[in-house]
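Notes follow the structure.
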C-alpha cells in the first residue's frame, strides 16, 4: 500500500482527481478540503481519473468545480473509480 494524492476543485465536490496511478488498497490523501480526508482506494484508477470522496447515490447529479458533469447510474462508494461504467454524462444522447 502506498500514499497517493487526490485533489478536489471545490470542497462540495463528491469527486476528486487522482494525481498518480492508484492501485486497490492505496491510501488516498485528499487535498482541497477544509479538513483532511484519508481513505483507501477500492480499485485501480488511472492517473488523473476521478475517485469518489463521498458516497454517491444512484441517480444523483455529480458536480465538479461548480458544474454538473453527469449522474450516477449506480451507487458509488468512497474510494471507487468514477468513470463511464458508473457515470452517465449529461451531454450523452443515449
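Numbering (the working numbering), first residue to last: 8 to 101. We put the CB at the ideal spot given by N, CA and C, even for glycine. Nothing here was measured: the structure is a model prediction, and the numbers come from that model.
Helix, strand or coil: which one does DSSP assign to residue i?
| i | result |
| --- | --- |
| residue 89 | strand |
| residue 66 | coil |
| residue 75 | strand |
| residue 94 | strand |
| residue 27 | coil |
| residue 11 | strand |
Could you give the distance in angstroms between the alpha-carbon of residue i and the alpha-carbon of residue j?
| i | j | result |
| --- | --- | --- |
| residue 93 | residue 83 | 7 Å |
| residue 36 | residue 47 | 9 Å |
| residue 16 | residue 75 | 13 Å |
| residue 81 | residue 40 | 25 Å |
| residue 89 | residue 70 | 12 Å |
| residue 62 | residue 31 | 17 Å |
| residue 28 | residue 49 | 13 Å |
| residue 57 | residue 42 | 20 Å |
| residue 21 | residue 91 | 16 Å |
Considering only the alpha carbon of each residue, which of the options lies closest to residue i?
| i | options | result |
| --- | --- | --- |
| residue 14 | 47, 31 and 55 | 55 |
| residue 33 | 67, 25 and 39 | 25 |
| residue 44 | 98, 85 and 91 | 85 |
| residue 65 | 42, 79 and 91 | 79 |
| residue 19 | 59, 91 and 87 | 59 |
Leaving out the 5 sequence neighbours to the left and right, which residues in its chain are closer than 6 Å to residue i when beta-carbon positions are compared?
| i | result |
| --- | --- |
| residue 77 | 69, 94, 95, 96 and 97 |
| residue 51 | 30 and 31 |
Quick one: what's got a C-beta closer than 7 Å to residue i's C-beta in the same chain, skipping five residues either side?
| i | result |
| --- | --- |
| residue 10 | 34 and 36 |
| residue 67 | 78 and 79 |
Residues in the same chain with beta-carbon distance under 8 Å from residue i, minus the five sequence neighbours each way, listed in chain order, please.
| i | result |
| --- | --- |
| residue 73 | 16 and 17 |
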